[in-house]
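Asks: The structure's right below; bear with me while I get my questions together.
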Amino acid sequence: MGAGIAAHLANAGIRTYLLDIVPRGVDTDAPKAARNKLALGALKALPKAKPPALMHKDFAARITPGNFEDDLAKAVSQSDIVIEAIVERLDIKQSVFKQVAAAAQDHTILATNTSGIPIGDIAEALPEAARERLLGLHFFNPPRWMHLLEVIPSKYTAQRYVDDVARFSDRVLGKGVVLCRDTPNFIGNRIGIGEMLLTFAATAEGKYTIEEVDALNSKPIGRPKTGSYRLGDMVGLDVAGHVIRNLRDALSGDPAADNFDPLYDKMQISPALQTLLDNNWLGDKSGQGFYKKSKDAQGNRAILSFDLETREYRPRIEPAFPELKGIRGSASAMVNKAMRLEGRAGEFYRKVYLPLFNYSATLTGKICDTPKQIDDAMKWGYGWGMGPFELMDAAGPAWCAAQMAEMGIEPAPAITKLLAQGEDATWYKGRPGNQQVFDGESYVDVPTPAGMLILAAHKPEGEIHSNTSAALIDIGDGVALLEFRSKANVLDEGVVKLMAEAPELLRERGFVGLVIGSQDDHFCRGANLLQIGMAAMQKKWDELDLAVNTLQQTLMNLRHGALPVVVAPYGQTLGGGCEVSMHADHIQAGADLFMGLVEIAVGVLPAGGGMKEIARRASAHADQLKAGEVFDWVRRGFEAAATGNVSMSAFEARATGWLRPSDGITFHKNRVVADAKQAALSLAASNYVPPDRNEPIHVMGAPGGANLVLGIHEFGWGGFASEHDQLIGTKMIHVLSGGMKPTAGTVTAQQLLDLEREAFLSLCGTQKTLERIQHMLDKRKPLRN
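Those letters in the sequence shown? Residues 15 to 799, by this note's numbering.
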């Protein structure tokens, strides 16, 4: 965990010391490498971590390895914040912090990554002046990827340090900060383990298999497809066991006790979990847990499941819940229907979630100030689509309370007080950005962090124009946002139509800038493949040619229009989504950006200006670089497109050339749109002049193209590219070389677009491309034929 935290600090541009203990048996006069072996090993493993801990491999250089004995005093004295992530033992943590406090500067913040030890207990071992600077900073694993960061002050912590850490964690590290009270296991693990214990109990009582539970605890209830038992394997069953034991030791089953917990009697390791722990079957980290990878009699990959009754592995059994097929609609509607289902599915939901709602309501005001903190912790730390209170709102609080009464559950006082507000009362009123939450006594405002733009607050009143696939929204200060609303945010006809209409609509209304973005899970997953596939299979070439040309001209008009255009990509930004971004005056990207021109996977090349942009961006350096260096820019973009490479971060996208050095990167996913808006305003304020539509683009011609063609064939000879891959790559090269011009020279953007479109249409006429398109539509994965 310590190495993962160091990696994310390095991602954010912070030079970091990574210290570990000196290995046993190593003398004080041993070489530095021997004494730093553990930290060096952790640092060496970072570039190989899955999922990647580093946003770019070069960022490892920002981390300096060392050891506690030799380097602690120097490292601490040079640091503004010290984050401890050692073994979960109070005495050891206190000992380390005594050393840290002695070496730290007066302003240095002292933070512990403990998952459950009271912060106040650690603080009591420190001098009074250091106590006020100590707080909990609980990252969820893996630190780069889990949005939640719990900040836990003790009774000694000064508020200014809490504010400083919260601001730093939000704006610099991009974390979703949740302020917790100093109670056992804080918020995420307290509620998360509570849900796990309720799930274990319902599983045993109803004799559900782990496959059935994971099917139920997934999409129908707004949770990730990993479900419960698979998630346990991913997190580590030893971690779950540790947290359960820690909670039982820290809490009480006595209702009169201050540390009473309603689920105390359930805080025990189940027999099945104990069997797994006894055998060191800890989940993914040990290769098996509730699930185990294996092979069948034919040698094919197979997944075995742990039978909770026999406590042996058996072949996976596909769950059968036909009633789930009727669960459709919005996330809230699906939850409402799921909670009311008849049969074993509905019974499971009610046995798990009604007690969970009550448990969460009991703890609000004790482990945190409002239900919003619990909901955020479960969404950001466990990947839930909705937290317990949002789920209860979706099901209907009054209905839930009535069902609790039928089950013999006394509703928590907070629920009773909520329903006293009215029969239809819900925990939340209003919408994000302008919302209130019931805190157990009254409704209080949900604050919007400074500098954050909540798009939902501008809808629907701020909508300027919309269709079924996209909308133009006024986000204030003369800036509009174009939001994709198609399925998977693909570039369907409606999206392209509104992109084409936007410049004139905004000019008429006096807007000064346009942002293209949203606050969905992903920016854009490419073109409408079904539309392309149907046109190609039906040989509607004129229709396909018109669709491609319309997209090309739309993006050109955005790039060369009177208003500055800023694109705010994040998450999956594939194919056409990448091309939309590349046509912007400025890109303000989310740090976790999975960007690439992936069209080769469906047998075509980028035809929305992607190939043109590779050539144009290389051409932009023609005056400053030698011919060979310009060729390297082209080669880099070509290889990424020819292999369908997707970046694993915005920094990798910049290294590939999808982002320019001048483009911005925002770490907090909910700040991307706000930063993009500011970029648009900055462009407008600088007397924006659109780029020349007729700018000459330098291309490498046939000499450079021949070098790339040779590389493609070498890939084929090595078995890394099929004949069809080579055909697609050759057509890409044909475009990048300006139609294999006899010598290097200049062409216009339109000439490259025409070459793109011609190559795209010719590939759509091949059988192998049609096979790739059909396979992707049917199987949702690429065919390399």
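All residues carry an ideal CB built from backbone N, CA and C; glycine is no exception. All values reported here derive from a predicted model rather than from experimental measurement.
Applying the 10 Å Cβ sphere with the 16-neighbour rule, what's the burial state of lysine 339?
Replies: It is exposed - the Cβ of lysine 339 has fewer than 16 other Cβ atoms within 10 Å.
Asks: Note down, in chain order, each residue of its chain lying with its Cβ closer than 8 Å to the Cβ of tryptophan 441, except the 5 sequence neighbours on either side.
Replies: These residues qualify, in order along the chain: Pro385, Phe403, Glu404, Met406, Asp407, Pro411, Leu432, Val451, Phe452.
Asks: Look up lysine 626 in the DSSP assignment and give the residues it is bridged to.
Replies: For lysine 626, which the question treats as bridged, DSSP gives no partner whatsoever.
Asks: When DSSP builds the beta bridges, which residues end up paired with histidine 600?
Replies: Answer is Val580, bridged to histidine 600.
Asks: Report yes or no: do three or more beta-carbon pairs, one from the segment 187-204 and one from the segment 676-683, lie closer than 8 Å?
Replies: Contact between the segment 187-204 and the segment 676-683 is present, because at least three Cβ pairs lie under 8 Å.
Asks: Go ahead and pull the three-state DSSP assignment for glycine 360.
Replies: If DSSP states are grouped into helix, strand and coil, glycine 360 belongs with the helices.
Asks: Can you give me the C-alpha to C-alpha distance between lysine 62 and glycine 658, rounded to a whole angstrom?
Replies: Computed Cα separation, rounded: 21 Å.
Asks: Which residue from Ala21, Phe82, Arg29, Leu68 puts its Cα closest to that of asparagine 50?
Replies: The residue with the shortest Cα to Cα distance from asparagine 50 is Phe82.
Asks: Using the rule of at least 16 other Cβ atoms within 10 Å of the residue's Cβ for burial, across every protein chain shown, is leucine 769 buried or exposed?
Replies: Leucine 769 is buried by the Cβ-count criterion.
Asks: Exposed or buried, what is glycine 301 when buried is set at 16 or more other beta-carbons lying within 10 Å of its beta-carbon?
Replies: That one is exposed.
Asks: When you compare each of Leu469, Ile429, Ile224 to glutamate 455 by their alpha carbons, which one comes out closest?
Replies: Among Leu469, Ile429, Ile224, the Cα nearest to that of glutamate 455 is on Ile429.
Asks: State the DSSP-derived secondary structure class of proline 285, mapped to helix, strand or coil.
Replies: Here proline 285 sits in helix by DSSP.
Asks: Please identify the residue among Pro167, Ser91, His121, Met421 whose C-alpha is closest to the C-alpha of asparagine 127.
Replies: If we check each option's Cα against that of asparagine 127, Pro167 comes out closest.
Asks: Cβ of alanine 75 versus every heavy atom of the ligand ZN: is any distance shorter than 8 Å?
Replies: By its list of ligands, the structure shown contains no ligand whatsoever, and the ligand ZN lies outside what it can speak to.
Asks: Does the beta-carbon distance from histidine 161 to tryptophan 398 come in below 9 Å?
Replies: No, these two residues do not count as a Cβ contact at 9 Å.
Asks: Would you please state the rounded distance, in angstroms, between the beta carbons of lysine 782 and glycine 547? I believe it to be under 8 Å.
Replies: At roughly 14 Å, the Cβ-Cβ gap does not stay under 8 Å, so lysine 782 and glycine 547 are not in contact.
Asks: At what residues does the alpha helix (DSSP H) containing phenylalanine 498 begin and finish?
Replies: It is not in any alpha helix (DSSP H) - phenylalanine 498 instead sits in the beta strand (DSSP E) that spans 493-498.
Asks: Going by C-alpha distance, which of Gln108, Lys71, Leu296, Ile97 is nearest phenylalanine 153?
Replies: Out of Gln108, Lys71, Leu296, Ile97, Ile97 has the C-alpha closest to the C-alpha of phenylalanine 153.
Asks: How would you call asparagine 542, buried or exposed, if buried means at least 16 neighbouring beta carbons within 10 angstroms?
Replies: Result: buried.
Asks: State buried or exposed for lysine 306, treating a residue as buried only when at least 16 other CB atoms are found within 10 Å of its CB.
Replies: When all chains shown are included, lysine 306 counts as buried.
Asks: Excluding sequence positions up to five away, which residues of its chain have a Cβ less than 7 Å from the Cβ of histidine 574?
Replies: Here the set comprises Pro704, Pro705, Arg707.
Asks: Would you mind working out which of Ile530, Glu323, Lys58, Asn273 sits nearest asparagine 199, comparing C-alpha positions?
Replies: Comparing Cα-Cα distances from asparagine 199 to each of Ile530, Glu323, Lys58, Asn273, the minimum goes to Asn273.
Asks: Between the alpha carbons of glycine 622 and leucine 775, how many angstroms are there, rounded?
Replies: Straight-line Cα distance between these residues: approximately 12 Å.
Asks: Please specify which runs of the beta strand (DSSP E), each continuous and at least 3 residues long, are wholly inside the segment 111-151, giving them in chain order.
Replies: Those beta strand (DSSP E) runs which fall completely within the segment 111-151 and span 3+ residues are 123-126.
Asks: In whole angstroms, what is the alpha-carbon distance linking lysine 280 and leucine 52?
Replies: Looking at the two C-alpha atoms, the distance is approximately 38 Å.
Asks: Can you tell me which of Val36, Val186, Lys88, Val686 puts its alpha carbon nearest to the alpha carbon of tyrosine 584?
Replies: Of the listed residues, the one whose Cα sits closest to tyrosine 584 is Val686.
Asks: What first and last residue would you give for the alpha helix (DSSP H) that runs through valine 90?
Replies: Residues 82-91.
Asks: Rounded to a whole number of angstroms, what is the C-alpha to C-alpha distance between isoleucine 341 and isoleucine 331?
Replies: Cα to Cα, isoleucine 341 sits roughly 22 Å from isoleucine 331.
Asks: Give the DSSP-derived three-state secondary structure of cysteine 414 in the structure shown.
Replies: Residue state, collapsed to three classes: helix.
Asks: Please determine, among Thr78, Ala44, Val40, Asp228, the residue with the shortest C-alpha to C-alpha distance to glycine 16.
Replies: Nearest C-alpha to glycine 16: Thr78.
Asks: Strictly by DSSP, which residues pair up with arginine 445?
Replies: Asn448, per the DSSP bridge assignment.
Asks: Alpha carbon to alpha carbon, how far is glutamine 108 from arginine 794?
Replies: Straight-line Cα distance between these residues: approximately 52 Å.
Asks: Roughly how many angstroms lie between the CA atoms of alanine 125 and histidine 789, to the nearest whole one?
Replies: So the two alpha carbons sit approximately 51 Å from each other.
Asks: Between the Cα of glutamate 361 and those of Ala216, Gly732, Ala669, spot the shortest distance and give me the residue it belongs to.
Replies: The option with the nearest alpha carbon to glutamate 361 is Ala216.
Asks: Below 8 Å, how does it come out for the segment 54-74 and the segment 658-676: are there three or more Cβ pairs, yes or no?
Replies: With a cut-off of 8 Å, the segment 658-676 and the segment 54-74 count as touching, because enough Cβ pairs lie within range.
Asks: State the Cα-Cα distance for the pair isoleucine 123 and aspartate 247, rounded to the nearest angstrom.
Replies: If I take the Cα positions, the gap works out to 34 Å.
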